[in-house]
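Per numbering that gives the first Met the number 0, residue 0 is the first one in the sequence shown, and the count goes up by one each step. Built from N, CA and C at the ideal position, the CB exists for glycine as well. Quantities reported herein were computed from a predicted structural model and do not represent experimental measurements.
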Amino acid sequence: MQAILAVPYSDTSADQLALSFDEPLLPALSTVRCQFDNADLTLRLLGASHQVSAVTALGETVETLACLPGQHRELPSTLQTPTVSFRARTERHSARSLSLLGAQISDRATGPHALIGHYPGSPDAFTAIIAADLGDRIRWDTWHAYPQTGDVVITSSLVQVR
């Protein structure tokens with residue numbers, strides 16, 4: 000689902016993003032609910048940040064990637080728990096490359112298990128989440144674009160469902 004977010008683009012930089020698995024659900028600007036065979040996901044855009052709530056037979060996992068007050072630790076490149084696998088990287092793009100990437104992600108985010116938010120007046124600023132059912136696991140990939148620097152934070156998460 001494509002969403003024009005009713006707020007101006009405001010996050011300042013990719014290096015301010017923090018990862019949390021224990022934040023409560025925060026107010027969302029746009030949401031998409033995804034029902035898979037073994038999981039119920041809610042994709043949530045929080046401006047240039049996101050939350051994904053995954054409810055499975057093993058319980059609820061809430062992933063938050065946001066500029067969180069009081070959390071200024073570096074975003075891990077990998078994190079592994081018994082039920083969650085998380086990977087993150089930051090890419091640097093030219094203005095043209097960022098615009099092309101935004102168009103590619105927008106094209107991919109048209110299905111029922113996807114959400115992309117665009118900001119009025121900032122065409123190359125976007126946050127996207129695309130989810131998939133892999134049977135015994137669910138996966139979601141995210142993109143957080145920062146056009147003022149050309150940075151794009153890309154994450155991939157896998158959660159066991161049983």
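- Query: What's the C-alpha gap between D14 and L25?
  - Reply: 21 Å
- Item | Start-to-end residues for the beta strand (DSSP E) that takes in G58 | 58-65
- Out of G46, N37, T63, point me to the one whose CA is closest to L57's CA. N37
- Quick one, which of Q34, V6, S121 has its alpha-carbon nearest D132's? Q34
- Neighbourhood of D135 by C-beta, 8 Å cutoff - its chain only, sequence neighbours within 5 removed: N37, Q159, V160, R161
- Cut-off 6 Å between Cβ atoms - residues of its own chain near I153, not counting five sequence neighbours on either side: R88, W142
- Between the CA atoms of A127 and I104 - distance to the nearest angstrom: 7 Å
- Message: Let's test the definition: count the other Cβ atoms within 10 Å of the Cβ of F20 and tell me whether it reaches 16, buried, or not, exposed.
- Response: exposed
- Outcome for T55 when other beta-carbon atoms lying within 10 angstroms are tallied against a minimum of 16: buried
- Inter-residue Cα distance where the pair is G101 and H92: 11 Å
- From L40, L28, A17, pick the residue whose C-alpha is nearest to that of H112; which is it? L40
- beta strand (DSSP E) containing R32: first to last residue? 29-34
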